[in-house]
Amino acid sequence: MLEEGYFGLDLLERLCVHAIFYASYRTAHNARSPHFGQHAARKTAHTDPMKIPKGLEPLIEDGIVDEVIRSLKSGKEANVYIVRSGVQLRCAKVYRDLGQRSFQRRAQYQEGRKVRGSRETRAMAKSTRFGRKEQEHEWKNAEVDALYRLVEAGLRVPKPFGYFNGVLLMELVTDAHGDPAPRLGEVELSADAAREHHRVLIRQIVGMLSIGLIHGDLSEFNVLLASDGPVLIDLPQVVNAAGNNAAFAMLERDTNNIRSCLGRFAPELLETEFAAEMWELYEQGELRPQSELTGVFRRDAAPADAVGVMQAIDDAREEAIRRALARDEPAV
Ligand SMILES: Nc1ncnc2c1ncn2[C@@H]1O[C@H](COP(=O)(O)OP(=O)(O)OP(=O)(O)O)[C@@H](O)[C@H]1O
Ligand SMILES: [Mg+2]
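Residues in the sequence shown are numbered from 1 upward in steps of one, following the numbering used here.
Written out as structure tokens, the structure reads:
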């Protein structure tokens, strides 16, 4: 019947049939393609969804997520998926259990972070089983909290949509075609584009430090290049600048990672010293999101006045001897 109908069509009508079949084939193919974009999502609502990962099952059951489109990346700390909620495509980050992940590294980041009560603090410090659970909970929440704080401060991070059963649901950061945005380290840039991204990223780092936060793991792998510019991601290790002894070292490492990535395209960036400059202002309580920075930092290069210091010590010693002699006591 169908064949009869098909062969009964003239050439133009047959071409139309082929076009319709091809369009439906592309739609199904796109859903599984790594280059799957937002416009494609709307068309693919009726194609077979992928098998639901365990971590996302409760979100599907609760109707928070309607469909898991595909896996975006399996990282060290989490699995990241593209999901659909209603007509919106979103990004779901399913944290791995801590398991054998390094607790020591974590401890350095968590220094200075406020935890609920002293029982929790003691447990975390001791790394008892309860402590591990607390630390894990704290680690996962830290990223969610940071995203809310940063969005509120007007910084460019993925917009969070909530934290459910160990899953962070957030904006899917996309490029100009609606596809998942590439990482900064994956793109070739003109010198001008590199300078502009550097300027924007320094502003982001300053903006974070102005509210007392340091990313702590910033690099070309944790910056996505969205259609509207660079977006910072991956914030579970966010550092409290005021309460952490290693804060400046982390700020400097973050800033210099960005510098060396973008300095490949605009070498003059390699000469800049933004971390030291913004840290000095921060320590003086004068850093603001809009603070003008030059990238030039004059370290106190004057040689220490060693002679003067020795002279002062000698003077003090002589004075002590004079007094001791006057009292007829042995001088030390
Ligand atoms: N909101 C998002 N929008 C688009 N892509 C994202 C988003 N969040 C994460 N990704 C993608 O998933 C990857 C892993 O995410 P993230 O860095 O947050 O997790 P991770 O487990 O710490 O990974 P890694 O160990 O590689 O750093 C990112 O490099 C990025 O390609
Ligand atoms: Mg990452």
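Just so you know, even glycine gets a beta-carbon here, dropped at the ideal spot from N, CA and C.
Beta carbon of I64: closer than 8 Å to some heavy atom of ligand 2?
-> Every heavy atom of ligand 2 is 8 Å or more from the Cβ of I64, so no.
Over the uninterrupted alpha helix (DSSP H) stretch that includes V206, give me the two end residues.
-> Per DSSP, V206 belongs to the alpha helix (DSSP H) from 191-210.
Do P182 and D175 have their C-beta atoms closer together than 9 Å?
-> Taking 9 Å as the cut-off, the beta carbon of P182 is found closer than this to the beta carbon of D175.
Taking the C-alpha atoms as reference points, what is the distance between R90 and I69?
-> 10 Å
Any idea if Q284 is buried or exposed, counting beta-carbon neighbours within 10 angstroms, 16 or more meaning buried?
-> exposed
Straight-line CA distance for Y148 to K51?
-> 30 Å
For I214, is the beta carbon positioned less than 8 Å from some heavy atom of ligand 2?
-> no
What residues match up with V151 in a beta bridge as DSSP calls it?
-> Paired residue(s): none; V151 is not in a bridge.
For ligand 1, any of its heavy atoms closer than 8 Å to the Cβ of L201?
-> no
Could you tell me whether any non-hydrogen atom of ligand 1 is closer than 8 Å to the CB of I258?
-> no
Which residues are close to ligand 2, meaning CB closer than 5 Å to any heavy atom, in chain order?
-> Taken from the N-terminal end onward, the list reads N222, D234.
Should R199 be labelled buried (16 or more other beta-carbon atoms within 10 Å of its own) or exposed?
-> exposed
Around the C-beta of K93, are 16 or more other C-beta atoms found within 10 angstroms, so that it is buried, or is it exposed?
-> buried
Report the three-state DSSP secondary structure of A92 (helix, strand or coil).
-> strand
What whole-angstrom Cβ distance do H197 and D254 have, given they're in contact under 8 Å?
-> With a Cβ gap of about 15 Å, H197 and D254 do not count as contacting.
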